[in-house]
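In this note's numbering, the protein residues as written are 3 to 342.
Below you'll find the structure, written out as structure tokens, and then a few comments.
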Ligand SMILES: NC(=O)c1ccc[n+]([C@@H]2O[C@H](COP(=O)([O-])OP(=O)(O)OC[C@H]3O[C@@H](n4cnc5c(N)ncnc54)[C@H](O)[C@@H]3O)[C@@H](O)[C@H]2O)c1
């Protein structure tokens with residue numbers, strides 16, 4: 003199979019390309035990434051030696067360039083990870099989220115129709131459902147996105163389904179809970195905690211710290227995406243959850259304990275605007291119809307993740323570029339903390 007992966011230099015996309023290359027060594031993989039601050043070619047070290055792997059630096063919103071890519075490589079499947087993905091950034095600068103996450107997805111959908119792509123798998127998020135205090139969201143639940151990020155993802159989901167209904171695009175969607183694991187940019191919750199703890203910096207914690215997230219080890223998500231790509235029913239949405247619900251404060255305490263760092267590093271800060279209290283997904287459908295369940299208990303995944311960041315200080319240091327610094331200087335000063 004010839005698979006075009008977008009956003010393959012980001013966190014989940016790069017883990018997925020490694021997974022795909024291991025699981026299906028004969029597949030041809032084309033990786034399209036704009037290399038924003040979140041994209042890192044270092045995530046794919048080793049793959050350049052693989053025959054049938056191509057990286058092209060391109061913006062999914064740039065239709066003429068993307069058309070050339072489709073013309074040249076003729077992908078059979080498209081897996082769309084490319085997105086602006088950080089909620090805090092979407093609150094301060096929503097426009098780029100609408101452009102990449104909605105218009106970029108629309109460009110890929112148009113080209114996929116035009117070039118007869120056989121499967122279009124769109125990677126979405128549990129955040130499109132919004133917050134739920136009790137119970138779990140199923141794939142049929144109403145969408146109530148709270149942030150510009152989740153609203154842009156919900157809009158893209160609606161487009162994907164419309165392209166399936168209107169033009170017959172063979173499309174599928176996965177909506178996963180919070181991923182964690184190697185190669186995640188350290189603005190996200192778990193790598194931020196590890197990074198700040200390792201550097202004895204304050205760890206900002208929104209509100210009362212009791213917001214609940216369901217944690218999914220990234221390799222388990224890659225397995226789910228691969229299974230949906232091969233066994234999913236066209237036109238369907240699949241929730242992908244980790245069965246690991248924890249309050250944010252418990253996650254921070256666990257990481258500080260594992261790294262033998264003091265709880266005094268925790269700094270409670272004013273709550274994020276529109277902060278969802280709890281996310282929770284029912285994964286009955288993917289279990290029943292595809293046979294996927296998460297494999298990694300949170301304690302195991304967290305241990306592996308902490309180990310990976312501790313063993314890769316060079317990778318962590320390389321992410322501290324101008325874009326990271328300028329965003330975080332402003333962000334930390336707004337929170338009343340000293341910058342990182
Ligand atoms: N991280 C999570 O916990 C999580 C959970 C559920 C769903 N998702 C979804 O999974 C996908 C990947 O998330 P991630 O955490 O790996 O994100 P990420 O921010 O780490 O990676 C995004 C990648 O997309 C690239 N990109 C951004 N704009 C682009 C553009 N216009 N053209 C081409 N490439 C572009 C970036 O350079 C980067 O490599 C996203 O669609 C996100 O919404 C993430």
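Beta carbons: idealized from backbone N, C-alpha and C, even for Gly.
Rounded straight-line distance, which links the Cα of residue 264 to that of residue 104: Roughly 42 Å separates the two Cα atoms.
Spatially closest choice to residue 86 from 75, 98 and 5, by CA coordinates: Of 75, 98 and 5, the residue nearest in Cα terms is 98.
Other residues of its chain near residue 268: CB distance less than 7 Å, five sequence neighbours each side excluded: Non-local beta-carbon contacts of residue 268 in its own chain, meaning distances under 7 Å to residues more than five positions away in sequence, involve 205, 207 and 254 in chain order.
Assigned secondary structure, residue 206 (DSSP; H/G/I helix, E/B strand, else coil): Note: residue 206 maps to strand in three-state DSSP.
For residue 287, the nearest candidate out of 112, 34, 139 and 257 (CA to CA): Nearest Cα to residue 287 within the set 112, 34, 139 and 257: 139.
C-beta contact flag for residue 147 and residue 169 at 9 Å: Between residue 147 and residue 169, the C-beta spacing is not below 9 Å.
Option nearest residue 281 by Cα separation, candidates 275, 177, 226 and 210: Taking only the C-alpha atoms, the option nearest residue 281 is 177.
Residues bridged to residue 249 (per DSSP): Looking at the DSSP assignment, residue 249 forms a beta bridge with 214.
Other residues of its chain near residue 228: CB distance less than 7 Å, five sequence neighbours each side excluded: Taken in chain order, the residues that qualify are 21, 22 and 25.
Residue 282 in three-state terms, based on DSSP: In the structure shown, residue 282 falls within a coil segment according to DSSP collapsed to helix, strand and coil.
Coil, strand or helix - residue 343 by DSSP: Nothing about residue 343 can be read from this structure; the chain reaches only from 3 to 342.
Euclidean distance between Cα positions of residue 15 and residue 74: Going by the C-alpha atoms only, they are around 22 Å apart.
Spatially closest choice to residue 166 from 179, 237 and 272, by CA coordinates: Nearest C-alpha to residue 166: 237.
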